[in-house]
Every structure is written in structure tokens, then in C-alpha cells.
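Below is one structure, written out as C-alpha cells; the observations come after it.
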């Protein structure tokens, strides 16, 4: 049994009462389309064709071989976790999406491998970072995005050396450092809108102490320049009130010599009044 | 100079006449930056008549010294000191050490290698 995630532990140790005990006998004719079963791979069909019988008295069927040998198919892995949890939960069948939490995040395969988004996550604590990378990968899977990573990027180490007390005791100094850990998650073949949804979801559920930075690439038809020129007009209207927040003020137009002369005259008057 | 100073205190850090002065210098520089840049542009633009450029030079020299970027000096936000300020934390070295040892600076730890 893999180490349990903390919120699930009381449930699996039967410390929480279960509302209903599920006794399900699902045949191939029934619709079983949980999140985890949504998979375009051919292996998933093979899984759904075999009838799944879930009874309370299944622990005898589990042999040590099935527990120790991990199979290549993620679907089988999920099923194995479900089967293992059965005796502990008193016959209640764990939902497959829940069972998938105990395993590595599922992934989708990219068809073309064209990168569409690079998400860089930064943190000072490894634990939070790994957790959020895992979360991001799972979110990408359920949104149908092929995600690759997390790639550990080089750590950024900053160091400061300061004297411990006043300057005459320069010989006694102290070193401090701050190590920024970085992970890269790449989305390939993602639709730009879906990538935006993914990024928005991650931002909504942003974890404490983790910074995110995303480079997004979009591909469009030929004649991009003309399309961009047209879109600039719309964007300018949208950005007008945003610039004010950035401290940008409308500038005097100094384009021509006459304007500059006018500006200088105004400036002269202003300065002489100021003195 | 008091003409650049805000009527109401607009500083959140350690308050001191030196920090207030530095803050008003920063604000003055921000307010006059475009004018300063315009004059600098006129001075350096060789297509303009020499008289205009000379006038611009004079006007630039007559602008108030608070509008110069060189007047700005980083000061400690906890003690107002002007020397030994770490740019990353806006603190003097001793305040930085105290804060780092207290664990108030995220990610900063004692290093040994």
C-alpha cells in the first residue's frame, strides 16, 4: 500500500462512518466512464470489456504478485489500488478518480509534440513545489492536455554575507542564502483556450509560497501582422485604464520641431514662475 | 525642499526626516521625468537648431535638484540608514541579519557550504 494522503487516512482506517456500502456488479454493457477511464488509448477498451465484480469478499483473490508487480497500464494500476483498499474500507469501492491519487499522475500523449505552454514554478520549499507540480499535472490530464515534466531546472542560489555586529568586528561574519527551486511543466499540442483554462485553474487554486510563470505560444495563419494591427485597436481601448495603474501618464507629443519649441516656451514660463 | 513634500505623511516605513526627504525626491523625479527626458532629447538631437539646444541645456540645468535621479538614495526601511543597505531586502545588513534569524524573510536561511 502506498503511503496514504492525510485526508483519506481516517476514512481508510475505518474511523469515519461510511454512509453506504457499495456493492456493485458492473458488466461491460453498463456505462462506466469515470474521469480516470476517459482515455483514448486502446488499452482502456480492453479494460472496460472485462466484467468487474466488486464484492466485499474479494480480498482472497488478491495475491502478493498482483500487489508487488506494477503493471504498465495505468488503468490496471488504479484497479489494483481499488482492490487493495477494499478490505480496509469494509467493502466500499473507492472511486477510480480517488484511487488515481495514490499513483503517479496520468498523462496524455502528444500527437505532434508542438509546445504550446511552458509553465515554470518556483518556490523555496521542495515539498510544496512537488505537491503543486503533481496537482498541475493532474489538472492537465483531466483537461485533456498532454503535459510533460516536471523538469527540475537549475536552482537559483543567492548568498549574502553580513558582519555579525558593528564594523570593527568585520572578522566575524555570517552567511545567509536563499535557494529558489524551479520546475518546468510543458504542455504540447494544447489548444490555446484550454491552456488558458488550465492556467486560470492553477491560479485559482494557487498554493502558498509558489510562484508561477507561463510562456504561452500560439500559432496562427499567415498574415499575422495585419491581424495584429487590427487587434491593436481593440487592445488599446482595453488597456487604457490599465496603464494608469502602471504609473504611465499621457505624454506630451514632442514629435515635431514646432511642438518642441512650444514646449520649451511653456517650460521657460513655468520655470520662471517657479523661481 | 518642503514644496515637494507631501502635506500628509505618505510613507509606511521607518519615518525620519531623511527617509521623508528621500521619498519626496523620488516623487519629484517621477513627476518631472518626462520633461527631463524631453529636454535631454532636445539637447542631443543634432537636427534641431543650435539655439534651441542651448536653451534646452540651460533649462535642464535650472530644473530643481530634487528632479535628478542621482539624488535618490536607497535607505533602510527599518532604520532609515543610508549605508550598507541590501538592495534585495531594502534593509541594512544588521536589520537583515535580525530579520533573517527571526525567519521573517521567506526562504532565507543560514548558509554553510
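Protein chains in written order, with the working numbering: chain A, 176 to 450; chain B, 633 to 745. Just so you know, even glycine gets a beta-carbon here, dropped at the ideal spot from N, CA and C.
Paired residues, beta bridge with residue i - DSSP
{"i": "residue 354 of chain A", "result": "A:332"}
{"i": "residue 275 of chain A", "result": "Note: residue 275 of chain A sits in no beta bridge, so no partner."}
{"i": "residue 323 of chain A", "result": "A:361"}
{"i": "residue 385 of chain A", "result": "A:298"}
{"i": "residue 717 of chain B", "result": "B:724"}
{"i": "residue 303 of chain A", "result": "BP columns for residue 303 of chain A are empty, so no partner."}
{"i": "residue 337 of chain A", "result": "A:349"}
{"i": "residue 391 of chain A", "result": "A:292"}
Among the options, nearest to residue i - alpha-carbon criterion
{"i": "residue 362 of chain A", "options": "A:419, A:322, A:277", "result": "A:322"}
{"i": "residue 391 of chain A", "options": "A:403, A:341, A:434, A:366", "result": "A:366"}
{"i": "residue 340 of chain A", "options": "A:437, A:273, A:348", "result": "A:348"}
{"i": "residue 695 of chain B", "options": "B:665, B:648, B:649, B:719", "result": "B:665"}
{"i": "residue 129 of chain A", "options": "A:343, A:369, A:298, A:289", "result": "The question about residue 129 of chain A has no answer here: the residues shown for chain A are numbered 176 through 450."}
{"i": "residue 303 of chain A", "options": "A:387, A:411, A:436, A:416", "result": "A:387"}
{"i": "residue 278 of chain A", "options": "A:312, A:288, A:289", "result": "A:312"}
{"i": "residue 389 of chain A", "options": "A:326, A:260, A:374", "result": "A:374"}
{"i": "residue 292 of chain A", "options": "A:269, A:435, A:372, A:407", "result": "A:372"}
{"i": "residue 251 of chain A", "options": "A:263, A:275, A:265, A:343", "result": "A:275"}
{"i": "residue 330 of chain A", "options": "A:287, A:290, A:249, A:354", "result": "A:354"}
{"i": "residue 678 of chain B", "options": "A:445, A:416, A:343, A:432", "result": "A:432"}
{"i": "residue 384 of chain A", "options": "A:253, A:273, A:307", "result": "A:307"}
{"i": "residue 680 of chain B", "options": "A:332, A:435, A:336, A:335", "result": "A:435"}
{"i": "residue 286 of chain A", "options": "A:364, A:408, A:333, A:382", "result": "A:364"}
Residue i versus residue j: straight-line alpha-carbon distance, rounded
{"i": "residue 706 of chain B", "j": "residue 714 of chain B", "result": "6 angstroms"}
{"i": "residue 305 of chain A", "j": "residue 281 of chain A", "result": "16 angstroms"}
{"i": "residue 723 of chain B", "j": "residue 689 of chain B", "result": "37 angstroms"}
{"i": "residue 745 of chain B", "j": "residue 300 of chain A", "result": "19 angstroms"}
{"i": "residue 698 of chain B", "j": "residue 645 of chain B", "result": "21 angstroms"}
{"i": "residue 728 of chain B", "j": "residue 655 of chain B", "result": "21 angstroms"}
{"i": "residue 328 of chain A", "j": "residue 360 of chain A", "result": "10 angstroms"}
{"i": "residue 725 of chain B", "j": "residue 295 of chain A", "result": "31 angstroms"}
{"i": "residue 639 of chain B", "j": "residue 650 of chain B", "result": "16 angstroms"}
{"i": "residue 692 of chain B", "j": "residue 672 of chain B", "result": "8 angstroms"}
{"i": "residue 596 of chain B", "j": "residue 668 of chain B", "result": "Residue 596 of chain B falls outside the range modelled here, since chain B spans only 633 to 745, and no answer is possible."}
{"i": "residue 734 of chain B", "j": "residue 648 of chain B", "result": "25 angstroms"}
{"i": "residue 325 of chain A", "j": "residue 309 of chain A", "result": "8 angstroms"}
{"i": "residue 703 of chain B", "j": "residue 730 of chain B", "result": "29 angstroms"}
{"i": "residue 720 of chain B", "j": "residue 380 of chain A", "result": "28 angstroms"}
{"i": "residue 297 of chain A", "j": "residue 356 of chain A", "result": "6 angstroms"}
{"i": "residue 419 of chain A", "j": "residue 718 of chain B", "result": "30 angstroms"}
{"i": "residue 445 of chain A", "j": "residue 438 of chain A", "result": "10 angstroms"}
{"i": "residue 350 of chain A", "j": "residue 736 of chain B", "result": "16 angstroms"}
Residue i beta carbon near the ligand FAD (any heavy atom closer than 7 angstroms)
{"i": "residue 402 of chain A", "result": "Looking for the ligand FAD in the displayed structure turns up nothing, as the structure carries no ligands at all."}
Limits of the unbroken alpha helix (DSSP H) element including residue i
{"i": "residue 289 of chain A", "result": "Neither: residue 289 of chain A is in no alpha helix (DSSP H) and is coded neither H nor E."}
{"i": "residue 730 of chain B", "result": "725-734"}
{"i": "residue 283 of chain A", "result": "From DSSP, residue 283 of chain A is part of no alpha helix (DSSP H); its letter is neither H nor E."}
{"i": "residue 257 of chain A", "result": "249-260"}
{"i": "residue 667 of chain B", "result": "649-676"}
{"i": "residue 347 of chain A", "result": "Unbroken run through residue 347 of chain A: none, as it is neither H nor E."}
{"i": "residue 265 of chain A", "result": "Run containing residue 265 of chain A: none; DSSP gives neither H nor E here."}
{"i": "residue 699 of chain B", "result": "Neither: residue 699 of chain B is in no alpha helix (DSSP H) and is coded neither H nor E."}
{"i": "residue 415 of chain A", "result": "399-420"}
{"i": "residue 374 of chain A", "result": "367-379"}
is_contact[residue i, chain C] using C-beta, thresh 8 angstroms
{"i": "residue 295 of chain A", "result": "Within the model displayed, chain C is absent; protein chains A and B are what it includes."}
Start and end residues, beta strand (DSSP E) containing residue i
{"i": "residue 740 of chain B", "result": "740-742"}
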